[in-house]
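Quick notes on the structure that follows.
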Amino acid sequence: MAQVRPDEISAILRKQLSGFDSEIDIYEVGTVLQVGDGIARVYGLSQVMVSELVEFPHQIIGMVLNLEEDSVGCVLFGDSSKIQEGDKVKRTHRLASFPVGDKMIGRVVDPLGQPIDGKGNIDGTEYKPIERKALGVIARQPVKEPLQTGITAVDAMIPIGRGQRELIIGDRQTGKTTVAIDAIINQKYTHSDEAKAVGIEPVFCVYVAIGQKNSTIAQVVAKLQEHGAMEYTTVISAPASSPAPMQYIAPYSGATMGEFFRDSSRHALVVYDDLSKQAVAYRELSLLLKRPPGREAYPGDVFYLHSRLLERASKINDELGGGSLTALPIIETQQGDVSAYIPTNVISITDGQIYLEPNLFNSGVRPAINVGISVSRVGGNAQIKAMKKVAGTLKLDLAQYRELEAFAKFGSDLDKSTQKTLAKGERLVELLKQGQNAPVPVEKQVISIYAGTKGFLESIKVSDIKRFEKELLEYIEINNTDIYEAIKKEKALSDTTTEKINQVLTKFVEKFK
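Below, the structure is given as structure tokens:
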């Protein structure tokens with residue numbers, strides 16, 4: 132994937148600002164007092180705004196971040212070695228912006244909206260400021276429409292609704308990006324005629340990669356292309372090799388792109404992968420701007436950095452078009468420490484978290500979701516009635532299993548009911564295991580969970596559970612496809628459908644044995 136060089140970044144911004152022509156007065160021009168490490172202090176721009184782009188010599192563009200009594204601090208999107216003390220700086224009257232439009236779909240761009248996928252320029256876009264005040268409570272409505280991820284464990288126990296903010300948190304290499312990518316791949320169904328027939332509206336996706344290796348981002352793009360997901364996805368790439376200001380603005384560019392869909396009465400899903408790297412980039416800029424360091428050397432406003440970003444995700448009311456913007460921020464923890472500064476900040480901003488645990492991951496439970504501390508604060512409102520009905524006891528069953536699992540390891544004599552709880556828990560854990568990039572439609576999830584929670588798996592060996600599930604779903608597809616159709620259409624389990632499922636399961640369990 133092509134990488135935009137620092138000296139090209141200012142040329143790009145310069146092109147965005149072409150056509151700007153204003154009468155120069157005394158407040159429009161400043162002088163560089165000091166420059167270094169990608170930061171310039173400028174005297175004389177007394178009317179300038181925060182986040183405004185300013186123009187330095189050699190066509191280098193900067194962005195204003197600090198407003199002080201006698202100077203302003205700017206971060207530079209170009210090579211700071213070309214700028215010297217005494218150089219003139221001009222205002223542009225334009226806030227940092229990102230191009231939005233349907234032509235951005237299917238493209239890989241940098242945080243300034245410039246294509247880096249080698250497919251040529253993007254025309255037919257309009258620029259929107261990357262920073263925007265989040266909509267108020269009056270403009271919103273409750274989150275009540277499910278956003279299916281295709282991951283059974285998530286859709287059943289930690290449901291995500293359209294307009295929700297659900298944090299994905301865990302150590303490195305525990306499958307955080309995989310959960311987010313699976314959620315994007317699963318939105319392919321929403322773009323099909325079949326989904327349209329049952330009243331499901333399409334979801335457009337934005338994947339923001341912050342501070343990752345170029346090769347990792349290229350792999351993600353290749354995976355999305357392989358599964359046909361790039362047809363409705365925009366990738367915004369700010370790799371580790373890009374300057375700190377680019378990593379800092381990347382998530383805001385992603386939110387702006389998502390808001391474009393939301394405000395045109397559509398639905399969008401934005402993945403920020405990951406915000407801990409953005410916080411590190413922001414800390415770097417803040418320390419260079421001589422802002423006082425606070426806890427863990429982060430500046431005092433690092434909470435505001437993430438809250439103003441995630442507050443932009445919402446389900447807006449029908450008068451404004453009823454669109455939604457769902458956010459899946461990712462945070463990387465160190466040694467499972469969820470009580471560190473940035474993790475606790477983002478946990479308190481979001482509407483729930485999916486916590487991925489290294490121990491579970493290493494023992495072969497994938498996705499490695501810790502059911503105990505993973506939660507969705509929207510809950511059953513973000514589920515179809517059928518799923519709500521069958522998955523009601525699932526979380527409790529698994530929590531009881533995890534609690535008793537420790538006792539079982541001692542090998543002490545266990546009473547009948549404890550053995551039954553353990554046996555059921557083992558089978559449910561096995562049932563919820565799922566392969567990478569293999570999302571499951573919700574109607575199939577309902578059948579699997581029904582079989583697990585209603586005791587149909589008791590006589591099946593744990594090692595045979597996945598084979599049982601696969602063959603059961605295929606059996607229903609061939610012989611009783613009307614069950615799937617009923618769940619899809621009614622989104623609920625009627626008495627007739629429940630009776631049919633019971634009959635099919637009883638028959639199939641006998642056959643399987």
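Going by our numbering, the first residue of the sequence shown is number 132, and it counts up by one from there.
For each residue, glycine too, the CB sits at the ideal point set by N, CA and C.
Since the structure is predicted, the reported quantities are computational estimates derived from the model, not experimental observations.
Bounding residues of the beta strand (DSSP E) (the contiguous stretch that carries residue i)
i    : result
I485 : G483 to L487
N197 : I191 to L198
I300 : L298 to G301
I578 : First-last for I578: V573 to T584, but that is the alpha helix (DSSP H), not the beta strand (DSSP E).
V166 : V160 to G167
V173 : I170 to Y174
L184 : E183 to F187
L207 : V203 to L207
Own chain partners of residue i with C-beta closer than 7 Å, once the 5 adjacent residues on each side are dropped
i    : result
T524 : T584
R420 : The sequence as given places Leu at residue 420; Arg does not occur at that position. Within the same chain, L420 has close Cβ partners I170, L196, N197 and G204.
D152 : Residue confidence for D152 is low, a pLDDT of 49 falling below 50, so the modelled location carries little weight and cannot support an answer.
G161 : V173, Y174, G175, L176 and V220
K620 : V329
L440 : P382, Y383 and A386
S396 : G452, G453 and G454
I380 : A227, P242 and I261
N448 : A270, R271 and Q272
F492 : T305, G306 and A499
I348 : M132, A340, S368 and P370
C-beta contact flag for residue i and residue j at 7 Å
i    : j    : result
V173 : V166 : no
P301 : P498 : Per the sequence presented here, residue 301 reads as Gly, with Pro not at that position. No; because the gap between Cβ atoms is not below 7 Å, this pair is not in contact.
V337 : M388 : yes
L487 : V402 : no
H437 : I504 : no
F208 : P376 : yes
L636 : F587 : yes
L529 : L553 : no
F599 : I591 : yes
R393 : G454 : yes
I596 : L562 : yes
E159 : R222 : yes
G359 : K319 : yes
T321 : I236 : no
Q279 : N252 : no
S407 : E357 : no
K631 : I614 : yes
R238 : H398 : no
I461 : D544 : no
Y435 : V521 : no
A517 : V477 : no
A410 : V433 : yes
Beta-carbon proximity list for residue i, same chain, < 6 Å, skipping 5 on both sides
i    : result
F391 : V231
E557 : V593
L400 : V334, C336 and T457
V351 : none
K644 : none
A326 : Y320
V571 : G281 and T283
G431 : G425
Sequence-distant residues of the same chain with beta carbon closer than 8 Å to residue i, five excluded per side
i    : result
D482 : V274, Q295, R296, E297, S507, R508 and V509
F541 : none
R625 : The residue you asked about is not Arg; residue 625 is Ser in the sequence shown. For S625, where only same-chain residues beyond five positions count, the Cβ hits under 8 Å are A617.
S178 : Here residue 178 turns out to be Gln, not Ser, going by the sequence shown. The residues are Y158, E159 and R222.
Q565 : I282, T283, A284, R497, P498 and V571
R303 : E463
The alpha helix (DSSP H) enclosing residue i, as first and last residue numbers
i    : result
Y615 : T612 to E621
K221 : It is not in any alpha helix (DSSP H) - K221 instead sits in the beta strand (DSSP E) that spans K219 to L226.
Q634 : D626 to F643
Y413 : L406 to L419
A284 : T283 to M288
Are the stretch 334–354 and the stretch 216–232 touching by the rule of at least three beta carbon pairs closer than 8 Å?
no
Which runs of the beta strand (DSSP E) fall wholly inside the stretch 427–495 and span at least 3 residues, in chain order?
455–463 and 483–487
Where are the beta strand (DSSP E) runs, 3 residues long or more, that stay fully inside the stretch 305–375, in chain order?
334–341 and 364–369
Does the stretch 252–267 come into contact with the stretch 278–288, if we say contact requires no fewer than three beta-carbon pairs (one atom in each stretch) closer than 8 Å?
no
Does the count of Cβ pairs from the stretch 238–250 and the stretch 182–196 closer than 8 Å reach three?
no
Going along the chain, which unbroken runs of the beta strand (DSSP E) with 3 or more residues stay wholly within the stretch 228–263?
228–231 and 257–260
Take every Cβ of the stretch 417–434, pair it with every Cβ of the stretch 364–374, and state whether three or more of those distances are shorter than 8 Å.
no
Inside the stretch 496–582 only - alpha helix (DSSP H) runs reaching at least 4 residues:
516–521, 525–540 and 547–562
State whether the stretch 309–321 contacts the stretch 511–529, with contact taken as three or more CB pairs (one from each stretch) at a distance under 8 Å.
no
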